[in-house]
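S.K.: Mind having a look at this structure? Questions to follow.
Residue numbers (our numbering): 19 to 527.
Set out below in C-alpha cells:
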C-alpha cells in the first residue's frame, strides 16, 4: 500500500505540468422580466496540438475568423486609399491619387480577395453560405471602384455599430439567438459600393460586417435558461494565434416567444430634409411612412399607440389609445408631407411625455419610443449631448428607444448614445430589403430580455496576449482590448453576428 501511495503522490505533484489549457467564461445579467440577477460559468478545454495543424473546438468558428479577417483587411485597404486620395483636395493630389496608385491598392485588395476565396471554397461549412460568395463579389466591385474612381468628393460617413438585432447571435437546437442592442451599417456600405463609390473605412465596422452572416457554433449544447454563453476556440500555429468566439443562445424558440404588449410612442420626422431620396427609388419620408405602416400592422388591441410628428415644431398626431383602428391610423399618416426645419428634441420630448403617461399605470407592458428620422438637427436644441441625456434619463425610467435611421446624414454620435443606452437599439433603412428585415425583426427589436450583461473570459495554463476584440460596439467606436465584454441590453435575434477575441501566443506555445 505504501508504494501505491507513493505513486499517487508523484502523480499529484506532476499534475500541474500536464494541466490541459482551458478557456473559461463567467457571465452575469439582470433578467428583464423581474430584475433577478443570473450568473453562470462555462469552460472549454483546448486539445494538445503537435506540429502546424490548425485546430478548432467547433467548426463554426472558422467562418467567423475568416469574415473578421475580411472586414479588417478591407478596412486596411480603404485606409490606404484615403491616405493616397485625401479629402479635401490637396495641391499634390494628382501625384498622390494617380491611376498607378489606385491600381496598386486595387491589386492588393484583389489578392486579398483571392486568398479569402480559396479559404472559403476549401471549407464545406463556409462555401455552403452563398452570402459569403456574394460578399466576395461585392468586394471585387469595390476593387474596381478603387481603380476607376479618383476621390472627387468624400463618400458619406455614416458609422453605426453592431447590428440590431444581431451582435453575438447564434443558434443551437432551434433556439433564438441573443444579441446586444446596437446598429447595423453594412447595408449602407453595400449601397455605396454598388453606386460605384469608395466608402470611407469608418463606414465599415467589423461588427456590422459580421451582422450579415449566420455564425452558429455547431457543437454548442442546447440552452435550458434565458441566456447561455458558449465559448469556442481555434488555434492557428502558422500565425501563432488563438481565437475565441463567444456565442449566446436561449431556451426560448421562435415558437415559444411571446411579445409583451406595447405602450409605444412613434416620433416621426416630417422636416424638409426628409424629401431627399439618397439615390433610392423614393424619398426618406415615404420610407418612413412604410416603416410606420409596418409597425402599426404588427400591433393589436392590447397595444397602446401614440404618434408625434415634428419639423420646426412638434405636433401630437395621436394621443395614447388602443390600436382598434389600424387602417384609419395608416391613412392619416399617408397624407403627411415634408415641411420646414428639424427640431428633433421637441418631437422626442413629446414622444417620451406620451409614453410616460402609462408607465406607472400599465404593468406587464414594454414602454418604448420609436424614433423615425434622418437626424439632421438644425432647429431648437441641436446639442446632441442634450438629446442623448433625454434618452438616458427616460431609459432609467423604463422607457426604451428604438431608432429607425434614414438617409446619409444620420449623426454617428447619436447612434453611439442609442447603442449604449439601456434598452436602446437602432436600424438603418434605405431600401425595401431593409424594410423587410425591420418588419421581420420588429417583435424582437421592441423586447429587451436582459440588462447589464457582462461576460469575462480567461485562459488557464496557457500564456497569451489579447490583441483584438471583434464584434462588440462601444461608445467611442473602437474595440477595447480587454477580456471583459459589457452590453447594456440583450435582445432576441434570428439574425447573425459574433464576438471574436484574438490572442497572440508566445513562440513555442
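For glycine and all other residues, C-beta sits at the position ideal for the given N, C-alpha and C.
Every value quoted in this text rests on a predicted model; they were computed, and no experiment measured them.
How would you call residue 271, buried or exposed, if buried means at least 16 neighbouring beta carbons within 10 angstroms?
M.R.: exposed
S.K.: Taking C-alpha atoms, which residue in 314, 363, 321 lies nearest to residue 330?
M.R.: 363
S.K.: Mapping DSSP to helix, strand and coil, what is residue 480?
M.R.: coil
S.K.: With residue 349 and residue 80 assumed to form a contact (beta carbons below 8 Å), what rounded beta-carbon distance in angstroms separates them?
M.R.: Actually they are not in contact, since the Cβ atoms of residue 349 and residue 80 sit about 52 Å apart, beyond 8 Å.
S.K.: Enumerated in chain order, which unbroken segments of the beta strand (DSSP E) with a length of 3 residues or greater are wholly contained in the stretch 54-107?
M.R.: Residue ranges of uninterrupted beta strand (DSSP E) with 3 or more members, entirely inside the stretch 54-107 and ordered along the chain, are 55-63.
S.K.: Express the C-alpha separation of residue 387 and residue 302 in angstroms, rounding to a whole number.
M.R.: 20 Å
S.K.: Could you check how far apart the C-beta atoms of residue 356 and residue 283 are, in whole angstroms? I think they sit under 8 Å.
M.R.: Wrong, their Cβ atoms sit about 21 Å apart, outside the cutoff.
S.K.: Between which two residues does the alpha helix (DSSP H) carrying residue 226 extend?
M.R.: 224-228
S.K.: Among 418, 255, 167, which one has its Cα closest to the Cα of residue 120?
M.R.: Minimum Cα distance to residue 120 is reached at 167.
S.K.: Would DSSP call residue 311 helix, strand or coil?
M.R.: Residue 311 carries a helical assignment under DSSP once its states are collapsed to helix, strand and coil.
S.K.: When the distance is taken between beta carbons, is residue 211 closer than 8 Å to residue 89?
M.R.: no
S.K.: Measure the CB-CB distance between residue 157 and residue 92 and report whether it falls below 8 Å.
M.R.: yes
S.K.: Report, in whole angstroms, the separation of the C-beta atoms of residue 521 and residue 463, which I expect to be a contact under 8 Å.
M.R.: Actually they do not touch by this definition, with Cβ atoms about 34 Å apart.
S.K.: If you drop the 5 nearest sequence neighbours on each side, which residues of the same chain put their C-beta closer than 6 Å to that of residue 127?
M.R.: 95, 161
S.K.: By DSSP's criteria, residue 248 is part of a beta bridge. Which residues make up the other side?
M.R.: 265
S.K.: Spell out the partners DSSP gives residue 517 in its beta bridges.
M.R.: Partner(s): 264.
S.K.: Output the distance between the C-alpha atoms of residue 87 and residue 344, rounded to the nearest integer angstrom.
M.R.: 47 Å
S.K.: So residue 290 is in the beta strand (DSSP E); what residue range does that whole segment cover?
M.R.: Residue 290 -> no beta strand (DSSP E), and no H or E assigned at all.
S.K.: Counting only the same chain and skipping the five closest in sequence on each side, list residues whose C-beta sits under 8 Å from that of residue 417.
M.R.: 370, 373, 374, 377, 385, 386, 387, 441
S.K.: So, helix, strand or coil for residue 231, using DSSP?
M.R.: Coil at residue 231, not helix or strand.
S.K.: In its own chain, which residues sit with a C-beta less than 7 Å from the C-beta of residue 465, not counting the 5 before and 5 after it?
M.R.: 277, 278, 384, 509, 510
S.K.: For residue 85 versus residue 228, is the C-beta distance shorter than 8 Å?
M.R.: Inclusion of residue 85 and residue 228 in the CB contact set at 8 Å is warranted, their separation being smaller than that value.
S.K.: Can you tell me the Cα-Cα spacing of residue 512 and residue 116, whole angstroms?
M.R.: 45 Å
S.K.: Compute the Euclidean distance between the alpha carbons of residue 412 and residue 389, then round it to the nearest angstrom.
M.R.: 14 Å
S.K.: Between which residues of its own chain and residue 324 is the CB-CB distance below 8 Å, once the five residues before and five after are set aside?
M.R.: Within the same chain, residue 324 has close Cβ partners 282, 283, 284, 334, 336, 337, 338, 339, 369, 372, 373.
S.K.: Under a three-way DSSP split, which group does residue 275 fall into?
M.R.: coil
S.K.: From the DSSP output, in three-state form, read off residue 240 for me.
M.R.: coil
S.K.: So residue 250 packs on residue 76, CB below 8 Å; how close in whole Å?
M.R.: Contact between residue 250 and residue 76 holds: CB atoms are separated by about 4 Å, below the 8 Å threshold.
S.K.: What residue does the alpha helix (DSSP H) around residue 370 start on, and which one ends it?
M.R.: 362-374
S.K.: Which residues bound the alpha helix (DSSP H) around residue 344?
M.R.: Per DSSP, residue 344 is one residue of the alpha helix (DSSP H) stretching across 344-352.
S.K.: Closest by CA to residue 352, which one among 310, 322, 326, 358?
M.R.: 310
S.K.: Identify which residue in 296, 395, 209, 289 has its Cα closest to the Cα of residue 326.
M.R.: 289
S.K.: Give the C-beta separation of residue 366 and residue 408 to the nearest angstrom, bearing in mind that I take them to be a contact with Cβ-Cβ under 8 Å.
M.R.: So it is a contact: roughly 6 Å between Cβ atoms.
S.K.: Under a Cβ-count criterion, where at least 16 other Cβ atoms within 10 Å of its own Cβ denotes burial, should residue 300 be classed as buried or exposed?
M.R.: exposed
S.K.: Considering only residues of the same chain and omitting the five flanking positions on each side of residue 164, which have a CB-CB separation below 6 Å?
M.R.: 99, 120, 123, 124, 216
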